[in-house]
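S.K.: Just so you know, the protein sequences line up as chains A and B, in that order.
In this text, residue positions in the first sequence follow full-length UniProt numbering: the first is 1, and each later residue adds one.
In this text, residue positions in the second sequence follow full-length UniProt numbering: the first is 1, and each later residue adds one.
Note that the Cβ used here is the ideal one computed from N, Cα and C, for glycine as well.
2 protein chains.
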Amino acid sequence: MEHSTTHACLVHPHPLECEAVAEWLRRRSYIELVGKCNSLDQIIQLPYLKEVDIVVVFAHHAEKTADQILKIRKLYSRLKFLLLAPSPCAESVREVIRSGVSGYIVFEAELDEWERAIRAVSEGKVYYGQEVMLKLAESSLETFIQEPAPTTRDFLSKREVEILRLVASEYSTNRIANELCISDKTVETHRRNLFHKLGVKNSVGLTKVAVRMGVV
Amino acid sequence: MEHSTTHACLVHPHPLECEAVAEWLRRRSYIELVGKCNSLDQIIQLPYLKEVDIVVVFAHHAEKTADQILKIRKLYSRLKFLLLAPSPCAESVREVIRSGVSGYIVFEAELDEWERAIRAVSEGKVYYGQEVMLKLAESSLETFIQEPAPTTRDFLSKREVEILRLVASEYSTNRIANELCISDKTVETHRRNLFHKLGVKNSVGLTKVAVRMGVV
DNA sequence: ACTCTTCTCAGGGTTTTCCACTATAAATTT
DNA sequence: AAATTTATAGTGGAAAACCCTGAGAAGAGT
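1. Using the C-alpha atoms, what's the distance from Val200 of chain A back to Glu131 of chain A?
2. In angstroms, rounded to a whole number, what distance separates the CA positions of Asn178 of chain A and Lys185 of chain A?
3. Going by DSSP in three states, Thr6 of chain A sits in which element: helix, strand or coil?
4. Rounded to whole angstroms, how far is the Cβ of Thr6 of chain B from the Cβ of Leu40 of chain B, which I believe are closer than 8 angstroms?
5. Ala85 of chain A lies in the alpha helix (DSSP H); which residues open and close that run?
6. Should Lys158 of chain A go down as buried or exposed, given a rule of 16 or more other Cβ atoms within 10 Å for buried?
7. Could one say the Cβ of Phe81 of chain B lies closer than 9 angstroms to chain A's Cβ atoms, at least one of them?
8. Using a Cβ cut-off of 9 angstroms, which residues of the region 155–188 of chain A contact any Cβ in chain B, in chain order?
9. Which residue from B:Tyr128, B:Glu115, B:Pro86, B:Cys37 puts its Cα closest to that of Glu110 of chain A?
10. Below 9 angstroms between beta carbons: does that hold for Gly100 of chain B and Ile54 of chain B?
11. Would you identify the three-state DSSP class for Phe195 of chain A, choosing helix, strand or coil?
12. Can you give me, in chain order, the residues of the region 199–214 of chain A that have a beta carbon less than 7 angstroms from any beta carbon in chain B?
13. Give me the residue from B:Leu33, B:Leu79, B:Asp67 with the minimum Cα distance to Gly124 of chain B.
14. If you follow the beta strand (DSSP E) that Ile182 of chain B is in, where does it begin and where does it stop?
15. Going by C-alpha distance, which of A:Asp67, A:Glu91, A:Val215, A:Gln42 is nearest Leu166 of chain A?
16. If you draw a straight line from the alpha carbon of residue 217 of chain B to that of Leu194 of chain A, how long is it in whole angstroms?
17. Throw me the rounded Cβ distance for the Tyr127 of chain A and Val121 of chain A pair, which I believe falls under 8 angstroms.
18. Name the chain B residues whose beta carbon is nearer than 7 angstroms to that of Glu23 of chain A?
19. Name, going along the chain, the residues of the region 81–95 of chain A whose beta-carbon falls closer than 7 angstroms to a beta-carbon of chain B.
20. Using C-beta distances below 8 angstroms, list every residue in its chain close to Thr151 of chain A, excluding the 5 sequence neighbours before and after it, in chain order.
21. Could you tell me which uninterrupted alpha helix (DSSP H) segments, each at least 4 residues in length, are contained entirely in the region 109–141 of chain B, listed from first to last along the chain?
22. Which residues in the same chain have their Cβ closer than 7 angstroms to the Cβ of His190 of chain B, if we skip the five residues on either side of it in sequence?
23. For a cutoff of 9 angstroms on Cβ pairs, would you count Asn193 of chain B as touching chain A?
24. By how many angstroms is the C-alpha of Asn174 of chain B removed from the C-alpha of residue 262 of chain B?
25. With a cut-off of 8 angstroms on the beta carbons, I'd call Val209 of chain A and Leu198 of chain A a contact; round off their distance for me.
26. Output, in chain order, the set of chain A residues within a Cβ distance shorter than 7 angstroms of His14 of chain B.
27. Check whether chain B comes within 9 angstroms of Leu33 of chain A, counting only Cβ atoms and requiring the distance to be less than that.
28. For Leu111 of chain A, decide whether its Cβ has a neighbour in chain B, counting only Cβ atoms nearer than 9 angstroms.
29. Applying the criterion that 16 or more other CB atoms from any shown protein chain within 10 Å of the CB defines a buried residue, is His14 of chain A buried or exposed?
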């Protein structure tokens, strides 16, 4: 059964965003929005469900939602699903793909990725976003490679991490020396070693590394 | 200072919903949307910030966001904030109120509550949603006080943001001066002003602010 | 006109950071 | 046992950062 236009239904848990996104979808020419609701549970009760081709689902719990989608697909195999969810972890991404969604992108996707996804799904194709593909690749690599990537932290000694933390906390060399009950010169030496190990030229550089490493 | 129309800025982490909600807001007659972005950190860089009266913030972590709002309010005390967040717990709700937001409602709020909230805030009033009030009552009998924005100082100037960026890029004062074709003394003065405006004591502090702001 | 802010620059100072090189005891690894 | 790494500490010096003060010009706002 081919429709001339694809009929879509939107699911978003928040009324305002549901309405707002619905409006946005209504302005797309390649699909026609026939309904919206705030929960996936509600869609099988919708009177216009038989007209729906695509369900666009916003959900914060990808796995739980994938599970629901799988159940619904067993009853209404005609329905296609485009899932919008937070950035997935390597485990959940396989669960979601297994549920048979036609599209899966992250909330943070840019508008053009959105357009591509919704067009692809409405044309009967499949679309997975960049982040999803990445996690998928990552999860399949895990089965082949057990080698844990050496972290930057292993490279630094405990003391050095401590110094790094204090430097990035706006402490002066003198203050750090007092705090740790060691000589200023020792602190200076540690700091200098950190420069070389981390390939930066001053404390500002150290601070950025510290922020990236999460020690502050 | 009264504007004839209230100027709003939208913050939503997800590009699509940001765009969609922005469109919805543009159709409200009582406010005028002048800008949008995906992160609260970005707003102080916006060139049109001086025109903004209200910032409508969608955020998943209410407390973290409240903290950011408090900091921003210390620099731009003129700004009003309407916060949209998940249902709060009894502890976080006080933190959020204390941050001085003018409005606070949950994502799941119905459209009419939305309308009431945004109207109230744009008229200079305060609006807390039903769920928020409930949690507030539940949390305590003690008085909650909104944190006053202590400084009347306005936002960072363009030049200051530029200096901030270069400092956080590990540039020395001298190098910055050459880069911008101004005197070292001028750069020093800017840097010192940044210390005071941002409440930090050295370049390491500036760097952390810069990272948080996303200028590096 | 007057105020406020920004951007600019300077003198003259103190403190901190950064560099180069050396060095020793302790712990860890090989 | 020997070699390496870590943590400690030093001398001495150059560079940069930081502090305080003052001040003129340009521009925006009241």
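M.R.: Once the coordinates are examined:
1. Taking the straight line from one Cα to the other gives about 30 angstroms.
2. 12 angstroms
3. strand
4. Actually they do not touch by this definition, with Cβ atoms about 19 angstroms apart.
5. Bounds of any alpha helix (DSSP H) do not take in Ala85 of chain A; it lies within the beta strand (DSSP E) bounded by 80–85.
6. By the 16-neighbour rule on beta-carbons within 10 angstroms, Lys158 of chain A is exposed.
7. no
8. Val167, Ala168, Ser169, Glu170, Tyr171, Ser172
9. B:Cys37
10. Contact: no.
11. In the structure shown, Phe195 of chain A sits in a helix (DSSP, three-state: H, G or I).
12. Val200, Lys201, Asn202, Ser203, Val204, Gly205, Thr207, Lys208, Val211
13. B:Leu79
14. Where Ile182 of chain B is concerned, there is no enclosing beta strand (DSSP E), given that its DSSP letter is neither H nor E.
15. The shortest Cα separation from Leu166 of chain A among A:Asp67, A:Glu91, A:Val215, A:Gln42 belongs to A:Val215.
16. Because residue 217 of chain B is not part of the residues shown, which for chain B are 1 to 216, the question remains open.
17. That pair is a contact at about 6 angstroms.
18. Ala20, Glu23, Trp24
19. none
20. The pLDDT assigned to Thr151 of chain A is 37, lower than 50, so where the model puts this residue is not dependable, and the model offers no usable value.
21. With a minimum length of 4 residues, the continuous alpha helix (DSSP H) runs that stay inside the region 109–141 of chain B are 111–122, 130–139.
22. Cβ contact annotation for His190 of chain B (same chain, cutoff 7 angstroms, sequence separation greater than five): Arg159, Glu160, Ile163, in chain order.
23. no
24. Chain B is shown from 1 up to 216; residue 262 of chain B falls before or after that span and cannot be answered.
25. Contact flag correct, Cβ pair sits at about 5 angstroms.
26. Phe107, Glu108
27. no
28. yes
29. Buried, by the Cβ-count rule.
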